[in-house]
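Just so you know, the protein sequences line up as chains H and B, in that order.
Our numbering applies: residue 119 is where the first sequence begins, and numbers increase by one.
Our numbering applies: residue 119 is where the second sequence begins, and numbers increase by one.
For each residue, glycine too, the CB sits at the ideal point set by N, CA and C.
Written out below as structure tokens is the structure these notes cover.
2 protein chains.
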Amino acid sequence: MSPVPQVSTPQSTRSRPQVVIIGSGFGGLEAARGFSRADVDVTLLDKTNHHLFQPLLYQVATAGLSAPAIAAPIRNLFRKQANVTTLLGEADDIDAASHRVLLKDGGALSYDHLIIAAGATHSYFGRDDWARFAPGLKTLGDAFEIRRRILLAFELAERETDPQRQRALLTFVVIGAGPTGVEMAGTMAEIARHTLPGEFRRIDPANASIILLEGGSRVLQSMPEELSQRALEQLEKLGVEVRLNAKVTDINALGLSVAGVSRPDITGVAVYQIASHCIIWAAGVAASRLGFLLALNTQCKTDRAGRVVVEPDLSVPGHPEISVVGDLAAAKSYVAGKEPTAVPGVSPGAKQMGRAAAANILRRLAGEPTQAFRYRDWGNLATIGRHAAVVDLAGPTGPLRFSGYLAWLFWLFAHVYFLIGFRNRLVVLMDWGAAYLSFQRSARVVVGEEEAGSGEPR
Amino acid sequence: MSPVPQVSTPQSTRSRPQVVIIGSGFGGLEAARGFSRADVDVTLLDKTNHHLFQPLLYQVATAGLSAPAIAAPIRNLFRKQANVTTLLGEADDIDAASHRVLLKDGGALSYDHLIIAAGATHSYFGRDDWARFAPGLKTLGDAFEIRRRILLAFELAERETDPQRQRALLTFVVIGAGPTGVEMAGTMAEIARHTLPGEFRRIDPANASIILLEGGSRVLQSMPEELSQRALEQLEKLGVEVRLNAKVTDINALGLSVAGVSRPDITGVAVYQIASHCIIWAAGVAASRLGFLLALNTQCKTDRAGRVVVEPDLSVPGHPEISVVGDLAAAKSYVAGKEPTAVPGVSPGAKQMGRAAAANILRRLAGEPTQAFRYRDWGNLATIGRHAAVVDLAGPTGPLRFSGYLAWLFWLFAHVYFLIGFRNRLVVLMDWGAAYLSFQRSARVVVGEEEAGSGEPR
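Put into structure tokens, the structure is as follows:
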């Protein structure tokens with residue numbers, strides 16, 4: 119075997135500019151692709167071995183798709199881009215002074231240019247103790263855990279002899295009515311009403327309660343108000359009980375406490391309890407810890423969600439060699455003659471930032487000035503469940519808004535189109551086709567140590 | 119909600135005979151199906167929520183198939199058989215005197231007739247401390263763990279700077295050359311030689327060593343000698359280093375110690391070390407612990423592997439109401455005028471026993487005498503890798519034996535044919551078709567807490 123290159127080669131021995139990219143989500147992936155014809159060495163670092171198509175992660179959590187259908191091995195995606203080296207590992211800190219990324223298990227990566235695309239994770243607003251009772255949905259591991267809890271709750275309800283405990287097992291609560299919360303609640307209602315009935319002998323899954331709690335006054339707050347209203351109607355039609363202006367004050371092993379006004383039998387604001395063994399957190403998002411560490415090291419600013427406030431060209435103030443893209447960046451879109459606008463935390467935003475950051479690095483290498491980032495907003499879509507979605511497109515003569523069946527079809531084809539890899543598209547289309555016709559879900563598998571449960575759902 | 123039936127209803131309140139089946143592998147599943155038109159209540163107990171098509175489990179472990187492709191939710195399989203109640207739970211003991219199955223998390227199931235189909239697990243021959251260094255392959259959880267270790271070993275080798283440690287990371291050892299060991303080793307060689315090359319920049323996966331250790335003098339000892347020879351040749355052609363008469367004397371975090379003669383540079387028996395971070399155990403099988411407990415409770419006998427020695431009609435001596443089928447049974451096949459022969463531990467054997475046990479219970483309920491079990495042996499097949507398999511069929515005029523490409527095609531179609539569910543067949547065929555054409559594998563996903571590794575492969 120030939121001698122092995124050091125993980126951290128001293129910069130002086132290198133002939134080509136070294137670009138390090140942290141994270142292989144939408145932003146990191148597009149950034150790496152942006153160097154496909156460039157005379158640079160790219161190192162793509164990720165703590166997993168796969169790129170995850172996050173818009174469909176809720177389908178894995180609800181047993182509609184298998185994990186490999188929405189996850190592609192990163193190094194396979196860059197098989198033919200010879201200047202990309204994929205490394206499995208986690209960035210522990212950034213030493214901006216010496217231009218090095220320190221790795222969690224020791225070692226370091228030297229860079230001439232760094233793109234940080236480390237994304238976001240769920241935030242429990244300081245109540246991290248809630249995490250074990252109400253997992254969030256960001257990784258495949260999260261999706262497996264949520265799938266396990268949903269499927270086990272029905273299994274344990276079938277075995278439960280105490281009616282009150284059985285009721286709690288058949289009560290599913292989703293916290294937060296953003297896109298993830300809405301699609302989780304809608305799909306869980308579909309499972310309870312359409313997939314499982316007929317398979318149990320002692321319970322009727324159709325009697326399960328799916329409760330969607332939202333602290334604000336409407337669902338899908340990033341959407342125009344009329345579409346929030348359409349989404350609310352579609353959720354209720356699917357059998358989801360939506361409670362608006364409901365604030366979660368506590369979560370524990372037995373269920374949760376809610377301060378709210380929307381329960382019909384309570385007048386005024388009151389705190390009440392919901393007994394539930396399957397609670398899903400879709401309420402808060404916080405930027406990756408790397409943002410905080412970067413701020414410590416470079417004196418850059420972060421916003422309230424921990425995102426790094428970047429320059430118009432996506433670089434870090436005072437550190438033109440470092441760019442931040444995707445959910446970790448508090449970025450603005452610049453259009454000549456207009457006020458800059460905030461870039462929304464959606465996948466097209468991350469992709470466009472990744473591409474722009476790579477292009478700016480190439481400009482800098484060519485001695486050209488960098489360009490301010492401009493976000494092209496094609497619109498916004500959210501799915502709710504079978505035949506139910508809302509779409510808000512930026513049409514040429516004004517917004518184009520629609521909901522229901524047509525919006526659902528539009529959502530479906532848009533997502534299949536943007537999935538990476540022909541095989542994955544085929545598998546997803548096939549699984550969805552079969553699920554549509556049969557109401558079945560193809561990935562109802564509980565895996566892990568606690569396969570048999572232990573009387574308690576967790 | 120209507121009142122909930124008790125888990126353990128007293129026998130006297132029941133109108134129909136209560137049949138309990140423990141385990142939903144091939145034996146348990148066929149047994150439950152055997153009651154499809156019978157006037158009995160069947161309770162099917164399993165510690166997982168899915169029936170696993172074990173002959174293809176190695177494909178999940180080697181990233182060729184996703185888990186849902188070979189696992190079907192049990193209660194979905196019995197959706198239309200209204201007399202079957204599926205329960206998730208683990209049998210902890212059998213109280214033969216009071217006709218009850220005691221459950222691990224409390225509660226009990228009363229039975230009039232009991233079929234135990236709890237199968238087998240891996241055995242480390244008293245060295246259970248080896249389990250963490252050399253996992254076996256029985257459950258989906260096992261398959262995920264092995265997949266994780268294989269994929270992570272290559273990832274860590276790409277990052278490793280010490281040549282000796284890198285060599286150890288690229289050394290894969292399979293212990294035991296039965297059907298599982300042979301197909302694991304063959305497929306791992308395929309991954310190293312065909313799937314991964316081109317994706318790494320610092321190592322060449324094709325240089326990986328795949329070592330198959332066998333304590334006996336030939337591979338696939340349940341096959342005729344000529345087919346063992348064919349299998350050995352095919353393994354070596356695929357790039358597997360087969361070491362026969364090699365006994366493992368120790369396994370630890372650094373690798374394993376082997377006593378053997380087959381290393382070319384050693385004359386006579388010697389103990390030598392192999393440094394490896396990915397070791398797979400395919401050597402020993404032990405019957406489920408329920409066999410041991412049943413022997414304690416009913417004074418029945420178990421054989422050396424812990425299997426229950428059953429009567430010709432598959433019932434337990436002295437307990438006609440209890441039958442044991444599948445890998446947990448030491449059963450014989452009875453043909454008039456011939457010496458009884460042992461039933462091999464293969465899936466057709468388990469299926470046939472399950473069907474026979476159900477039929478005998480129905481005979482007993484009808485007041486008829488039970489029948490001795492007769493195993494119909496259609497032959498034996500084992501796959502090795504791409505274009506490589508061996509087949510030993512019971513032809514009308516004597517055995518029909520072949521190997522190589524044709525045997526591989528035969529194996530492939532036989533397995534797709536016996537897969538449960540149309541959708542699963544389609545998915546498996548599609549994944550195999552794509553893998554065949556592209557040399558790619560569709561499920562190369564590492565999931566779990568240790569996604570990023572920690573410098574050490576475990």
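Is the beta carbon of residue j closer than 9 Å to that of residue i?
| i | j | result |
| --- | --- | --- |
| residue 401 of chain B | residue 302 of chain B | no |
| residue 370 of chain B | residue 335 of chain B | no |
| residue 164 of chain H | residue 411 of chain H | no |
| residue 240 of chain H | residue 135 of chain H | no |
| residue 215 of chain B | residue 140 of chain B | no |
| residue 427 of chain B | residue 435 of chain B | yes |
| residue 481 of chain B | residue 487 of chain B | yes |
| residue 447 of chain B | residue 461 of chain B | yes |
| residue 160 of chain B | residue 202 of chain B | yes |
| residue 528 of chain B | residue 520 of chain B | yes |
Any beta-carbon of chain B closer than 9 Å to the one on residue i?
| i | result |
| --- | --- |
| residue 569 of chain H | Residue placement at residue 569 of chain H is flagged as unreliable, the pLDDT there being 40, under the threshold of 50; a coordinate-derived value is accordingly withheld. |
| residue 250 of chain H | no |
| residue 237 of chain H | no |
| residue 155 of chain H | no |
| residue 286 of chain H | no |
| residue 575 of chain H | Its pLDDT being 30, under 50, residue 575 of chain H is placed unreliably by the model, and nothing is read from it. |
| residue 544 of chain H | yes |
| residue 273 of chain H | yes |
| residue 305 of chain H | no |
| residue 200 of chain H | yes |
| residue 609 of chain H | Chain H is shown from 119 up to 576; residue 609 of chain H falls before or after that span and cannot be answered. |
| residue 122 of chain H | Confidence at residue 122 of chain H is low in this model, with a pLDDT of 38, below 50, so the placement of that residue should be treated as unreliable; the coordinate-derived value is given next. Yes, residue 122 of chain H counts as interfacial toward chain B. |
| residue 225 of chain H | yes |
Along chain B, in chain order, which residues have C-beta atoms closer than 7 Å to that of residue i?
| i | result |
| --- | --- |
| residue 262 of chain H | 565 |
| residue 269 of chain H | 167 |
Which one of the options has the shortest CA to CA distance from residue i?
| i | options | result |
| --- | --- | --- |
| residue 158 of chain H | H/483, H/496, H/507 and H/503 | H/483 |
| residue 398 of chain B | B/264, B/444, B/141 and B/536 | B/264 |
| residue 557 of chain H | H/447, H/388, H/526 and H/503 | H/503 |
| residue 432 of chain H | H/262, H/188 and H/234 | H/234 |
| residue 173 of chain B | B/544, B/546, B/533 and B/547 | B/533 |
| residue 267 of chain H | H/331, H/395 and H/225 | H/395 |
| residue 291 of chain H | H/391, H/521 and H/189 | H/391 |
| residue 176 of chain H | H/262, H/193 and H/207 | H/262 |
| residue 451 of chain B | B/441, B/471 and B/445 | B/471 |
| residue 454 of chain H | H/565, H/445, H/206 and H/430 | H/430 |
| residue 269 of chain H | H/317, H/226, H/295 and H/294 | H/317 |
| residue 374 of chain H | H/506, H/149, H/296 and H/249 | H/249 |
| residue 192 of chain H | H/406, H/182, H/207 and H/181 | H/207 |
List, in order along the chain, the chain B residues whose C-beta lies closer than 8 Å to that of residue i?
| i | result |
| --- | --- |
| residue 193 of chain H | 317 and 318 |
| residue 197 of chain H | 316 and 317 |
Anything in chain H within Cβ reach of residue i, meaning under 8 Å, just list it in chain order.
| i | result |
| --- | --- |
| residue 168 of chain B | 562, 563 and 564 |
| residue 258 of chain B | 563 and 565 |
Comparing the C-beta of residue i with each C-beta of chain H, is any distance below 9 Å?
| i | result |
| --- | --- |
| residue 276 of chain B | yes |
| residue 187 of chain B | yes |
| residue 141 of chain B | no |
| residue 558 of chain B | yes |
| residue 406 of chain B | no |
| residue 184 of chain B | yes |
| residue 548 of chain B | yes |
Can you list the residues of chain B that residue i reaches, using a CB-CB cut of under 9 Å?
| i | result |
| --- | --- |
| residue 459 of chain H | Within 9 Å Cβ-Cβ: nothing; residue 459 of chain H doesn't reach chain B, min ~35 Å. |
| residue 203 of chain H | 276, 318, 319 and 320 |
| residue 340 of chain H | Under the 9 Å cutoff, chain B gives no residues; its nearest Cβ is about 29 Å from residue 340 of chain H. |
So who's on the other strand from residue i, going by DSSP bridges?
| i | result |
| --- | --- |
| residue 327 of chain B | B/289 |
| residue 273 of chain B | In the DSSP output, where bridge partners are listed per residue, residue 273 of chain B has none listed. |
| residue 189 of chain B | B/170 |
| residue 448 of chain H | H/427 |
| residue 396 of chain B | B/290 |
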